[in-house]
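Structure record follows, encoded as structure tokens.
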Amino acid sequence: MTDTTFNGATPDGNDKASLGSAWRWLLRHPPVVTFSLIVLVCLVVGAINTDFWQVSNLFDILRASVVRGLFALGVLVVLASGGIDVSFTAIAAFVMYTVTMLVTNLLPGLPMPVILLVAAAGGACFGALNGLLVHTLRAPSLIVTIGTQYVIRSFLLTFVGTALFMNIPGSMEAFGKLALFTHQSANGSISVLPAFVLVLAVAAVVTWWILERTLIGRAVYAVGGNAGIAERLGYNLRTVHIFVFAYAGLLAGIAGIMHVASNRLANPFDLAGTELEIIAAVVLGGARITGGSGSVIGTLLGVVLITLVSNVLILVGIPSTWQLAIIGVFIVLAGTVFSLRARS
Amino acid sequence: MQLKHETGAPPQGGETPKAALPYLEIRDVQKSFGGVRALKGVSLSIEPGQIYHLMGENGCGKSTLIKIISGAQPADSGELLIDGKPVGHLTPVAALAAGIETVYQDFSLLPNLSVAENVGLTQQVVAASGRLARRLDLTQMRATAERALAAVNLPTSRAFLATRTDELPMATRQLIAIARAIASDARLVIMDEPTTALTKHEVDNLIGIVGRLRAKGVAVLFVTHKLDECKEIGGRAVIMRDGQKVAECDIADHTKAELGFWMTGKVLDEARYRAQPKFGEGLLSVDGLSLKDAFANVSFSMRRGEIVGITGLLDSGRNELARAIAGVVPADAGRIRLDGKDVTPRKPADAIDAGIGYVPEDRLSEGLFLEKPIEENIVVPVLDRLRGAFGILDGRRSRDLAKRSVEDLQVVTPDVANPVQSLSGGNQQRVLIGRWLTINPKLLVLHGPTVGVDVGSKDTIYRIIQRLADEGMGVIIISDDLLELLQNCDRIMVMRKGEVVERFEAETLKEEALYRALVEETTARTAQ
Numbered sequence: 391m392t393d394t395t396f397n398g399a400t401p402d403g404n405d406k407a408s409l410g411s412a413w414r415w416l417l418r419h420p421p422v423v424t425f426s427l428i429v430l431v432c433l434v435v436g437a438i439n440t441d442f443w444q445v446s447n448l449f450d451i452l453r454a455s456v457v458r459g460l461f462a463l464g465v466l467v468v469l470a471s472g473g474i475d476v477s478f479t480a481i482a483a484f485v486m487y488t489v490t491m492l493v494t495n496l497l498p499g500l501p502m503p504v505i506l507l508v509a510a511a512g513g514a515c516f517g518a519l520n521g522l523l524v525h526t527l528r529a530p531s532l533i534v535t536i537g538t539q540y541v542i543r544s545f546l547l548t549f550v551g552t553a554l555f556m557n558i559p560g561s562m563e564a565f566g567k568l569a570l571f572t573h574q575s576a577n578g579s580i581s582v583l584p585a586f587v588l589v590l591a592v593a594a595v596v597t598w599w600i601l602e603r604t605l606i607g608r609a610v611y612a613v614g615g616n617a618g619i620a621e622r623l624g625y626n627l628r629t630v631h632i633f634v635f636a637y638a639g640l641l642a643g644i645a646g647i648m649h650v651a652s653n654r655l656a657n658p659f660d661l662a663g664t665e666l667e668i669i670a671a672v673v674l675g676g677a678r679i680t681g682g683s684g685s686v687i688g689t690l691l692g693v694v695l696i697t698l699v700s701n702v703l704i705l706v707g708i709p710s711t712w713q714l715a716i717i718g719v720f721i722v723l724a725g726t727v728f729s730l731r732a733r734s
Numbered sequence: 014m015q016l017k018h019e020t021g022a023p024p025q026g027g028e029t030p031k032a033a034l035p036y037l038e039i040r041d042v043q044k045s046f047g048g049v050r051a052l053k054g055v056s057l058s059i060e061p062g063q064i065y066h067l068m069g070e071n072g073c074g075k076s077t078l079i080k081i082i083s084g085a086q087p088a089d090s091g092e093l094l095i096d097g098k099p100v101g102h103l104t105p106v107a108a109l110a111a112g113i114e115t116v117y118q119d120f121s122l123l124p125n126l127s128v129a130e131n132v133g134l135t136q137q138v139v140a141a142s143g144r145l146a147r148r149l150d151l152t153q154m155r156a157t158a159e160r161a162l163a164a165v166n167l168p169t170s171r172a173f174l175a176t177r178t179d180e181l182p183m184a185t186r187q188l189i190a191i192a193r194a195i196a197s198d199a200r201l202v203i204m205d206e207p208t209t210a211l212t213k214h215e216v217d218n219l220i221g222i223v224g225r226l227r228a229k230g231v232a233v234l235f236v237t238h239k240l241d242e243c244k245e246i247g248g249r250a251v252i253m254r255d256g257q258k259v260a261e262c263d264i265a266d267h268t269k270a271e272l273g274f275w276m277t278g279k280v281l282d283e284a285r286y287r288a289q290p291k292f293g294e295g296l297l298s299v300d301g302l303s304l305k306d307a308f309a310n311v312s313f314s315m316r317r318g319e320i321v322g323i324t325g326l327l328d329s330g331r332n333e334l335a336r337a338i339a340g341v342v343p344a345d346a347g348r349i350r351l352d353g354k355d356v357t358p359r360k361p362a363d364a365i366d367a368g369i370g371y372v373p374e375d376r377l378s379e380g381l382f383l384e385k386p387i388e389e390n391i392v393v394p395v396l397d398r399l400r401g402a403f404g405i406l407d408g409r410r411s412r413d414l415a416k417r418s419v420e421d422l423q424v425v426t427p428d429v430a431n432p433v434q435s436l437s438g439g440n441q442q443r444v445l446i447g448r449w450l451t452i453n454p455k456l457l458v459l460h461g462p463t464v465g466v467d468v469g470s471k472d473t474i475y476r477i478i479q480r481l482a483d484e485g486m487g488v489i490i491i492s493d494d495l496l497e498l499l500q501n502c503d504r505i506m507v508m509r510k511g512e513v514v515e516r517f518e519a520e521t522l523k524e525e526a527l528y529r530a531l532v533e534e535t536t537a538r539t540a541q
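So the sequence lines, in the order shown, correspond to chains P and Z.
Taken in order, the first sequence gives residues 391 to 734; the numbers are from this note's numbering.
Taken in order, the second sequence gives residues 14 to 541; the numbers are from this note's numbering.
In structure tokens form, the structure reads like this:
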């Protein structure tokens with residue numbers, strides 16, 4: 391835009407045209423909208439309270455993005471295929487509590503990679519079940535996953551346990567404390583960037599690779615674009631349905647373990663009720679709720695935006711009860727912009 | 014042979030010399046949906062390098078046959094043989110792997126994927142036999158797409174390859190769908206009404222493509238009802254009626270009238286339904302109606318009792334104009350006056366209040382509540398008028414109204430409480446027309462009034478339209494069925510690229526001239 395304002399000779403029409411094309415470009419690249427909102431929030435908060443510009447704050451936001459980010463990547467894959475999943479928090483709670491309990495009671499020395507593997511496999515099994523139900527019942531995935539969410543949560547609380555686990559296995563505790571980067575600020579306070587943020591980084595790269603560089607990834611978007619046509623063109627709907635839900639379940643299982651490792655306790659009542667917030671983050675990142683679109687980068691930006699709003703507004707004296715309102719306004723705003731894209 | 018012609022008995026194939034082994038053989042294929050027998054034992058053999066035209070009316074079973082060949086639906090009984098070997102029933106992937114490519118009427122493009130992906134991906138999915146845990150070969154995908162796009166004379170630039178298909182015009186999408194079909198080593202390309210969205214120039218381009226395919230030994234099966242085009246392309250005609258193959262012959266050996274007779278079982282009646290129109294005073298005037306990117310500066314007026322036809326290709330703006338008049342997608346400039354009063358609708362309710370009834374083109378998605386009773390479908394625009402005591406719907410009056418409407422329009426149903434989906438296409442269409450008649454419209458806008466309707470129902474619907482006009486209603490018919498417009502209208506307007514480019518008096522107009530006006534060759538130039 392600065393170009394056209396500099397160039398005084400530009401006739402009105404051209405100016406309008408470039409504004410129009412800039413707008414269209416923006417609509418085609420929804421993550422830019424998300425990124426702009428992040429910058430806006432940072433500038434406003436940073437201007438009011440300079441404490442915002444601290445390394446420890448950045449670390450906090452990254453740390454708090456890990457579990458949300460893992461969930462969101464799973465939701466992205468399901469949304470891209472035209473479905474929706476609300477059972478992932480229940481899967482995560484079940485897996486984290488059950489795995490923590492089993493490891494503590496039976497195999498206290500189990501190394502972290504094996505724990506992650508077991509959690510991932512457990513989550514994927516639950517997810518595959520979702521996918522199988524969605525496919526064979528031909529039922530809306532929202533309804534199916536609301537159902538499985540209740541069943542899984544009830545099963546957890548009835549048969550596995552309701553008590554808090556304070557003594558988590560040593561390997562998990564160590565993993566949660568492992569530092570990737572330690573920073574000492576001028577006043578001597580030490581802040582730590584935990585190593586488990588790498589789990590999110592790896593998950594993001596893998597998800598990107600699957601979506602953009604494999605046939606199943608393209609099939610996910612194809613089915614999300616129009617399932618009937620995709621089927622005619624030879625894409626196997628059953629494979630896609632089972633894959634997307636299993637993948638979301640797998641990430642949910644890992645997210646559950648990350649949640650335990652970073653909080654150093656396993657609470658079976660945790661994570662419930664955060665589903666909508668995660669779906670909102672993915673939609674804020676430019677994925678359409680009706681399927682067929684969305685990107686990993688946009689999803690990560692959406693997660694950062696949600697985390698930012700819930701973590702830093704307190705710095706500028708905005709009561710935490712107001713955070714929801716701001717997130718709500720952002721969602722409506724982004725929703726409007728992205729639906730303009732659909733209409734144009 | 015000659016004798017058969019004279020008696021009018023349709024020939025049953027076996028005329029071509031058996032030069033090559035057939036690529037695909039279909040033997041006695043049957044298929045039923047519920048109680049309806051869509052295919053009653055059809056046999057067909059497809060030879061390499063041959064062109065076939067599968068012809069027949071809507072509902073004759075040709076789409077079902079295509080679905081079975083392309084693997085979209087299994088047959089109930091019968092055999093499919095490829096290269097002489099039985100293949101059981103085909104899945105979509107198996108059909109593609111065997112070299113059967115289909116260009117569907119709806120193009121079947123994935124709207125959210127790029128041109129390159131739409132054209133080049135199928136090949137890799139098929140090569141992996143539908144197993145999807147494979148790496149995507151971007152280079153191969155692009156190369157395949159470029160090659161196929163070049164073959165149909167589309168651009169192959171990076172920017173074009175990366176464009177989403179839902180951002181492209183209809184004709185381009187059609188060509189992309191064709192490019193996808195020839196991207197891999199197809200042996201049979203099925204094209205389901207591929208010329209609907211194309212201009213004359215693009216149709217010529219398509220005929221060139223078909224010639225090249227044929228030279229490579231690829232068989233091409235057109236599904237069509239445009240007799241003129243079939244004759245121009247040449248090849249073999251396979252004619253279906255009522256779930257059976259009634260004739261197979263060399264298309265050049267027979268006249269249009271003969272082919273038409275086999276398709277319909279009736280002598281093609283091209284007589285006009287319109288007789289002695291009586292026009293009243295002025296009813297409608299449309300001034301400078303415009304909608305960005307759809308149509309511009311459309312003006313016309315009509316009198317009571319007049320029937321005006323509007324036609325044009327898919328992207329001519331005719332559909333948008335119809336929706337604008339009905340307030341479904343309002344125009345952004347211009348006026349619509351009814352009886353001298355400005356009624357330019359901003360939303361459908363405005364049009365209804367003003368007395369404009371709109372029967373949409375796609376009655377399944379835009380018009381009818383399929384699972385709901387016929388009665389509810391008919392009375393829905395006049396619910397307020399049927400309010401009884403305490404504002405509760407008066408069930409008896411509602412039922413009476415629906416019954417009257419059903420009788421009036423000769424809807425064949427035992428009970429108005431049956432769901433609309435229990436009716437045939439023609440009867441569904443009459444329910445939809447009946448709905449709008451309940452508001453006693455001054456102007457009725459019919460958008461594709463006989464799409465997917467059989468011949469008998471067409472006749473009934475045309476008679477209803479004529480009767481309504483005789484009673485003083487203004488009727489606008491938007492349609493791409495040229496004969497329909499010629500038979501029913503007083504005047505016909507042709508739209509191209511969003512503008513009304515020709516206006517004809519229907520009575521003296523020839524279909525040929527109307528067709529030329531439709532497909533860009535200006536009649537002015539050819540006539541003079």
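Where a beta carbon is used, it is the ideal one built from N, C-alpha and C, also for glycine.
Within chain Z, partners of residue i - CB distance below 8 angstroms
{"i": "P:I632", "result": "Within 8 angstroms Cβ-Cβ: nothing; P:I632 doesn't reach chain Z, min ~11 angstroms."}
{"i": "P:G615", "result": "L123, P124, N125, L126"}
Contacts around residue i, its chain only, beta-carbon distance under 6 angstroms, and the 5 residues preceding and following it disregarded
{"i": "P:G513", "result": "I481, V485, G639, L640, A642, G643"}
{"i": "Z:R350", "result": "S298"}
{"i": "Z:K53", "result": "G256, Q257"}
{"i": "Z:W275", "result": "P23, I252, V259, A260"}
{"i": "P:T490", "result": "F555, I558, V650, A656"}
{"i": "P:M391", "result": "In this prediction, P:M391 scores a pLDDT of 35, lower than 50, which makes its location untrustworthy; the coordinate-derived value is nonetheless stated afterwards. There are no such residues."}
Residue i - containing beta strand (DSSP E), residue span
{"i": "P:Q574", "result": "569 to 574"}
{"i": "P:P584", "result": "580 to 584"}
{"i": "Z:R155", "result": "Looking at the DSSP string, Z:R155 is not in any beta strand (DSSP E); the run it does join, the alpha helix (DSSP H), is 151 to 164."}
{"i": "P:F461", "result": "Element bounds for P:F461: not the beta strand (DSSP E) but the alpha helix (DSSP H), 445 to 470."}
{"i": "Z:R504", "result": "504 to 509"}
Beta-carbon neighbours of residue i, restricted to chain P and to distances below 7 angstroms
{"i": "Z:S303", "result": "Those do not exist, as Z:S303 stays about 18 angstroms from chain P at its closest Cβ, beyond 7 angstroms."}
{"i": "Z:L109", "result": "G624"}
N- and C-terminal bounds of the alpha helix (DSSP H) containing residue i
{"i": "Z:N310", "result": "Element bounds for Z:N310: not the alpha helix (DSSP H) but the beta strand (DSSP E), 308 to 316."}
{"i": "Z:E38", "result": "Looking at the DSSP string, Z:E38 is not in any alpha helix (DSSP H); the run it does join, the beta strand (DSSP E), is 37 to 46."}
{"i": "Z:H102", "result": "Where Z:H102 is concerned, there is no enclosing alpha helix (DSSP H), given that its DSSP letter is neither H nor E."}
{"i": "Z:R443", "result": "438 to 450"}
{"i": "P:Y611", "result": "605 to 615"}
{"i": "Z:S76", "result": "75 to 82"}
{"i": "P:G436", "result": "420 to 438"}
{"i": "Z:E333", "result": "331 to 338"}
{"i": "Z:K213", "result": "213 to 228"}
Same chain, Cβ closer than 7 angstroms to residue i, neighbours up to 5 away in sequence not counted
{"i": "Z:L240", "result": "K269, L272, G273"}
{"i": "Z:L296", "result": "M315, R316, R317, L351, D352, K455, L456, G487"}
{"i": "Z:G143", "result": "V106"}
Under 7 angstroms from the C-beta of residue i: neighbouring residues of chain Z
{"i": "P:A612", "result": "L123, L126"}
{"i": "P:S683", "result": "N125"}
Close-in-space but distant-in-sequence residues of the same chain around residue i (CB under 8 angstroms, 5 per side omitted)
{"i": "Z:T536", "result": "Below a pLDDT of 50, predicted positions are generally treated as unreliable, and Z:T536, at 40, falls in that range; the measurement from the model is reported next regardless. If we look at Z:T536 and ignore the five residues flanking it on each side, its Cβ neighbours are E515, A526, R529, A530."}
{"i": "P:A518", "result": "I632, F635, A636, G639"}
{"i": "P:L460", "result": "V589, L590, A593, L641, A642, I644, A645, M648"}
Of all the residues that make up the segment 83 to 107 of chain Z, which are near chain C by a beta-carbon distance shorter than 7 angstroms?
-> Absent from the structure is chain C; the protein chains it does hold are P and Z.
Using a beta-carbon distance cut-off of less than 7 angstroms, what residues from the segment 128 to 160 of chain Z approach chain P?
-> Under the 7 angstroms Cβ criterion, the segment 128 to 160 of chain Z contributes E130, L134, T135, Q137, V138, V139, A141, G143, L145, A146, R147, R148, L149.
Per the contact definition of three or more C-beta pairs closer than 8 angstroms, is the segment 173 to 180 of chain Z in contact with the segment 97 to 107 of chain Z?
-> Result no; under three Cβ-Cβ pairs closer than 8 angstroms.
Cβ-based contacts, 9 angstroms cut-off: residues of the segment 588 to 609 of chain P near chain Z | Within the segment 588 to 609 of chain P, the residues whose Cβ lies closer than 9 angstroms to any Cβ of chain Z are, in chain order, E602, R603, T604, L605, I606, G607, R608, A609.
Taking a cut of 8 angstroms between CB atoms, which residues from the segment 621 to 654 of chain P lie near chain Z?
-> Listed in chain order, the positions of the segment 621 to 654 of chain P with a beta carbon within less than 8 angstroms of a beta carbon of chain Z are E621, R622, L623, G624, Y625, N626, T629, V630, F633.
State whether the segment 671 to 688 of chain P contacts the segment 422 to 440 of chain P, with contact taken as three or more CB pairs (one from each stretch) at a distance under 8 angstroms.
-> At 8 angstroms Cβ cutoff, the stretches touch.
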